[in-house]
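**Q** Mind the numbering: the sequence shown is residues 754 to 812 in this note's numbering, read in order.
Glycine residues also receive a C-beta, built at the ideal position from the N, C-alpha and C atoms.
It should be emphasised that the depicted structure is a prediction, and the values quoted were computed from it without experimental measurement.
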Amino acid sequence: MSLLICGGTVVNADASVRADVYIADGLIKAVGLDLDVPSDAEVIDAGGQYVMPGGIDPH
């Protein structure tokens, strides 16, 4: 199974950029614009949304 999250703002600890995220076999394979992905990839439109790693509250 492959998944493309497109059009979102990717956020990490020190930056945020408009990018797409390609995921295959449960792993992030690529982050960037105009990614080359399989035609059968499921596409999620994240336009106007934030895409970030999961967070936890350790308290």
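Within its chain, find whatever has a CB closer than 6 Å to the CB of I797; leave out the 5 residues flanking it on each side and keep chain order.
**A** Numbered from 1 along the sequence shown, position 44 holds the residue referred to as residue 797. For I797, where only same-chain residues beyond five positions count, the Cβ hits under 6 Å are I758.
**Q** Less than 7 Å between C-beta atoms, sequence neighbours within five positions excluded: which residues of the same chain meet that for A799?
**A** For the purposes of this step, residue 799 is taken as the residue at position 46 of the sequence shown. If we look at A799 and ignore the five residues flanking it on each side, its Cβ neighbours are I758, C759, G760, G761.
**Q** Of the residues D789, D778, V784, I809, which one's Cα is nearest the Cα of V770?
**A** Residue numbering aside, residue 770 sits at position 17 when the sequence shown is read from its first letter. Considering only alpha carbons, the answer is V784.
**Q** Please identify the residue among N765, V764, V774, D767 whose C-alpha is closest to the C-alpha of A794.
**A** Here residue 794 refers to the residue found at position 41 when the sequence shown is read from its first residue. Out of N765, V764, V774, D767, the CA that lies nearest to the CA of A794 is found in V774.
**Q** Do A772 and L756 have their CB atoms nearer than 9 Å?
**A** Residue mapping note: residue 772 aligns to position 19 of the sequence shown, counting from 1. Residue mapping note: residue 756 aligns to position 3 of the sequence shown, counting from 1. No.
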